[in-house]
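K.L.:
I'd like to ask some things about the structure below.
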Amino acid sequence: WLKCNVSKRWEHRLRDTPDDKISGANKAQLLVLKSYYNQAWNYFSAKELGDAMLGYWREWASRAQRGEYGYSDSKTYFPAPDEDHDLNYVHQSLLTKVVGKDKEEVWVPDMSRIGILEARTIVSRKRTFKMFDITNHWKRIVFERLEDKVLAEHNP
Numbered sequence: 029w030l031k032c033n034v035s036k037r038w039e040h041r042l043r044d045t046p047d048d049k050i051s052g053a054n055k056a057q058l059l060v061l062k063s064y065y066n067q068a069w070n071y072f073s074a075k076e077l078g079d080a081m082l083g084y085w086r087e088w089a090s091r092a093q094r095g096e097y098g099y100s101d102s103k104t105y106f107p108a109p110d111e112d113h114d115l116n117y118v119h120q121s122l123l124t125k126v127v128g129k130d131k132e133e134v135w136v137p138d139m140s141r142i143g144i145l146e147a148r149t150i151v152s153r154k155r156t157f158k159m160f161d162i163t164n165h166w167k168r169i170v171f172e173r174l175e176d177k178v179l180a181e182h183n184p
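If you read the sequence shown in this note's numbering, its first letter stands for residue 29, the second for the next number, and so on.
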């Protein structure tokens, strides 16, 4: 049984799952904040950062469709898009027209089409070097040089 299931899982590891089997929550993209491990991450909520960041982008997109720019309250500013931004590397199907500064239409990337506005946010903590890692690295270098020196003496 174990061999059969392990081999089946190995064979199907790269196969895409059909969309109809995936629920809406699992379809959402994942935004990963890559960082080194730090104690500060224990007191930081990636979900709250993601909600604030993506919430701002969602609000900006809805305001851009209506042409409402400026301050929404005393501290949140929604700037109008510039007309001279470089869109050469953005595929045409990912662009949308919004109302610009002077009430004329401007092409901007449409974040809703790539699904980033529904993404979840997590933190990926890369392990930092510890003193033990550094001493192991130093020891390996010393032994390699010692080995090279011994081999050079015996094989002139």
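Glycine residues also receive a C-beta, built at the ideal position from the N, C-alpha and C atoms.
#1: Who are Thr124's beta bridge partners in DSSP?
#2: Cα-Cα, which of Glu146, Phe171, Asp101 and Val134 is closest to Leu82?
#3: Assign Lys75 to one of three DSSP states: helix, strand, or coil.
#4: Run the CB neighbour count on Ala180, radius 10 Å, all protein chains shown included, and call it buried at 16 or more, exposed below.
#5: Hey, out of Val134, Leu30, Lys31 and Lys62, whose CA is closest to Ile150's CA?
#6: Report buried or exposed for Trp166, applying the criterion of at least 16 other Cβ atoms within 10 angstroms of its Cβ.
#7: Buried or exposed for Ser51, going by 16 or more other Cβ atoms inside 10 Å?
#8: Rank Arg37, Ala108, Trp38 and Lys103 by C-alpha distance to the C-alpha of Arg94 and give the top, closest one.
#9: Could you tell me the distance, in whole angstroms, from the CA atom of Trp135 to the CA atom of Tyr84?
#10: Whose C-beta lies closer than 8 Å to the C-beta of Asn54 among residues of the same chain, with five residues either side of it excluded?
#11: Cα-Cα, which of Phe106, Thr124 and Met139 is closest to Gln57?
#12: Assign Val118 to one of three DSSP states: helix, strand, or coil.
#13: Checking the sheet assignment: what are the DSSP bridge partners for Leu59?
#14: Taking only three categories from DSSP, how would you classify Gly83?
P.N.:
The short version:
#1: Val136
#2: Glu146
#3: helix
#4: exposed
#5: Lys62
#6: exposed
#7: Only weak support is given to the placement of Ser51: the predicted model assigns it a pLDDT of 49, under 50, and the value that follows is read from those uncertain coordinates. Exposed, since its Cβ has fewer than 16 Cβ neighbours within 10 Å.
#8: Ala108
#9: 19 Å
#10: Only weak support exists for where Asn54 lies, its pLDDT of 48 falling under 50; the coordinates are left without a value.
#11: Met139
#12: coil
#13: Thr149
#14: helix
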